[in-house]
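Here's the structure we're looking at; comments come further down.
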Amino acid sequence: MGNLEVMMAKSGEQGGEPNPHESGVELTDEERNFHEEAVRFVEAHRDYLENYARGAVHFEAAPAGLNTFAFNLETNTIYVHGRFYHDRGLSNEKTAFALSHEAEHFLEKKALLSEPDGARKFGRYLRQIKMSKAYGLMDNCVADVRENRAVVAKTSKETADIERDLYKKDLFAEKDFANEPKHVQFCDALLRESRVPDEQCQVSAEVREKLDALRAMKAGEENFFDLLTNPDTPMSLRLSLQDEYIWPVVKELLEKDLEDEEKKGKGKSGEGGGGEGGHTGGEGENKTPEGQGKPVKGGQGREAKPEGRPDPNDIFKGAYERAKRRGLPEAVPADEVGKSFRRWQEANKESPLDRADREHAERIGVAKTDLQRYRNMAKQLGEIRNPETNMSVVEELRNLFRQIRARRIKKVHPPRYPVEEGEELVDPAQLIAEAKAGNLEPKVWESFEIKEKVGKRFGQVQITFIFDRSGSMDENGGAKKIEQQKAGVLGMEALDEANELYDEEKVNMVEPLEILSEVYSFQADGDDGKPMKRMSKEFSEKERIGVMKKLGTVPGGNTTDFVSLEAIGAEVDADPTLRQKIAKGEIKKIVIVFTDGESGDVSRVQAVLKKLREAGIAVAGVGITESGKAVLNTYAPNASLARNAEDLPVTLGGLLKEHLADV
């Protein structure tokens, strides 16, 4: 089925409705009739079409004189042209299906452009389909399977029946492709057999072998092609997968087709495979061809064309035309697609804020999207309130850090008896009386001396976070995973802000304080016992973003919290000085463990907890939702349960307040 490409006909500076007849050229009767027919069709089916698209796409009749389909990326409008259904004699039901299909093409491309790196990927995609008609045919056939599945999933069984009838009787009434070039056989058979699975197309034995191999491919427990064409698979991922696994197959068949043409000595005549147009001129001239050399992973290799070898775009021109006629009318030319994309790029230039974010991200060595996501999470934390106090969790922690500072530098002003010289006049009347009596040094002043009152003498606090990256964190839409990320951002930002505060006041503090931090995660692999961030005072923005990003992946199977705890225990055993400083009250060490399930080895957890707590280390367990309530027993008596995932940041805030209260 023809792929509705990105296209905007001549329009005003701000986009707007295509207007090909601004110059006042008269319409032909055919153009006027097509336009009127399109208007009637759109008005008759507008409710269905826009309800189908759920407001994401608007449908309008193409302006009179616009002899093709078009869409406007800025207004999300598809302009419908009469020939879409007129030339094929399709029923209204089949045309409605076809338009829904085109809406899916539009939505898929629009979603790609909305991705952080989508414009670059889309530009590369346009270059590929323009450079190689074989690539364009393959992409269109794979994409059509995806779009049709999306339409059927959003509608009903009746729609599936309409689609089957459309492919069986209207688009691919002929299922014998054996006389076509092998790479064309493969693409067309892949599409038809996907939509009419109980009928097998006639293709060469070699092509059948390739088709069967693709159908048998697995991605884990899922069928690869089903996963590739799943409507939930983003276009960027679909392109990446088809470039890696399908395009090399098409290129291999294309290479063999070229070899067959050379053997037949018809390379220059253009007759092989129905290739009208020969090799002179044509759209492939002076362009690097596809289909030469070995398949390249990712479809990115562009080998130079050997001297004298014809362009496959010209050689198989006739075959591509026939394949196009098996679909719906020709899409917008690639040149027009490129022009439209450039208009979209111009209208969506990087904002000053995005530019600043990109430059900062590049400077610190992270992706702009990761930087922005981290900042958004940090901003969201400011809106989370402790239900018991109705205060922001962030503000509560700030108050705690200010109180710690105040306890370490508290100025006490003890008054002294009146003296001859001082800072404050306390008895003006006595001063006057004494002066009249000739006493020029009356004791009417008070003087103050400043004494510092300090709190506990902990000079250093060490805080370790151990996060759960087991697969169960991704259940129920990943809510637990996301809230754990937020809790992690809260902890990291709070400690970083506290260190900044104490560094500023360091010269005024009788007992300076510094907070060190480290981060572990357990995911049932060899990294469970290795910190993703080692114990140190420094916690750079790059490191914090890296931790957040890693917490967004949950590859583990089992709850192996004991491995991370044992690694901490081993560090304590290896450092007698640390034990002594903890015993003397010079260092306070806190470990906070997050988990959403029962430990894989409760006895090992409790053994290491006993050892750590006997060494004076505070270890707290945090259960995430009801699935983590085993924590209340395993980590008793120092355990908490966030019954709802969204309560996790509040729970962490409470733990930090509790364990830092005596600092």
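Start counting the sequence shown at 7; every next residue gets the next number (my numbering). Positions of the beta carbon are idealized from the N, C-alpha and C atoms, including for glycine. For clarity, every value in this text was computed on a predicted model and none was experimentally measured.
- Leaving aside the five residues that flank Glu481 on each side, none in its chain has a CB nearer than 7 Å to its CB.
- Considering only Tyr131, Arg126, Asn98, the residue with the shortest C-alpha distance to Asp249 is Tyr131.
- The three-state secondary structure of His87, taken from DSSP, is coil.
- Exposure of Gly95 is indicated by the presence of fewer than 16 other C-beta atoms within 10 angstroms of its C-beta.
- Non-local beta-carbon contacts of Ala367 in its own chain, meaning distances under 7 Å to residues more than five positions away in sequence, involve Ala373, Lys374, Leu377 in chain order.
- Across the set Glu99, Val209, Asp145, Glu36, the C-alpha of Glu99 shows the shortest separation from the C-alpha of Glu164.
- In the DSSP annotation of this structure, the continuous segment of the beta strand (DSSP E) that includes Leu522 starts and ends at 520–528.
- Taking a 10 Å sphere around the C-beta of Ile370, we find fewer than 16 other C-beta atoms and assign the residue as exposed.
- By the Cβ-count criterion, Gln491 is buried, with 16 or more other Cβ atoms from all chains shown falling within 10 Å of its own Cβ.
- Val190 is the residue among Asn650, Tyr380, Val190, Ala211 whose C-alpha sits nearest the C-alpha of Leu143.
- Secondary structure at Gln409: helix, using DSSP grouped into helix, strand and coil.
- As far as DSSP is concerned, Arg214 takes part in no beta bridge.
- The Cβ atoms of Ala68 and His87 lie closer than 8 Å to each other.
- The residues Leu519, in chain order, have a CB closer than 6 Å to that of Tyr508 in the same chain once the five nearest residues on each side in sequence are set aside.
- Counting only the Cα atoms, Phe231 lies some 39 Å from Glu365.
- Contact between Leu647 and Leu638 holds, with the beta-carbon distance rounding to 6 Å and staying under 8 Å.
- Closest option to Lys595, judged by alpha-carbon separation, among Arg585, Glu547, Gln468, Val495: Gln468.
- Of the candidates Glu389, Lys115, Gly61, Glu402, Glu402 places its Cα closest to the Cα of Ala500.
- Among the bridge pairs identified by DSSP, Arg391 is matched with Ser398.
- By DSSP's assignment, Gln208 forms a beta bridge with Asp182.
- Within a 10 Å sphere around the beta-carbon of Lys323 sit 16 or more other beta-carbons, which makes this residue buried.
- Residue environment analysis places Thr395 among the exposed positions, since fewer than 16 neighbouring C-beta atoms fall within 10 angstroms of its C-beta.
- The region 540–549 and the region 563–572 do not touch, with fewer than three beta-carbon pairs separated by less than 8 Å.
- Just measuring C-alpha positions, the residue of Thr161, Val553, Pro187 sitting nearest Val209 is Pro187.
- According to the DSSP assignment, Thr559 belongs to no alpha helix (DSSP H), since it is labelled neither H nor E.
- Glu169 counts as buried, since at least 16 other C-beta atoms from the protein chains shown sit within 10 angstroms of its C-beta.
- Bridge pairing for Gln466: Glu520, Ile593 [DSSP].
- Here Glu489 has Ala651, Glu652, Leu654 as same chain residues with Cβ atoms under 6 Å from its own Cβ, once five neighbours each way along the sequence are excluded.
- In the structure shown, the three-state DSSP call for Val625 is strand.
- Sequence-distant partners of Val400 (beyond 5 residues in either direction) whose C-beta falls short of 6 Å from its own C-beta, in its chain, are Leu387, Gly388.
- The beta carbons of Cys193 and Val256 sit closer together than 8 Å.
- The Cβ atoms of Met538 and Val495 do not sit closer than 8 Å to each other.
- Comparing alpha-carbon positions, the option among His665, Glu153, Val614 lying closest to Phe464 turns out to be His665.
- In this structure Arg60 is exposed. Its beta-carbon is surrounded by fewer than 16 other beta-carbon atoms within 10 angstroms.
- Distances from the alpha-carbon of Arg361 to those of Pro122, Asn39, Ala44 put Pro122 closest.
- Around the C-beta of Gln586, fewer than 16 other C-beta atoms lie within 10 Å, and the residue is accordingly described as exposed.
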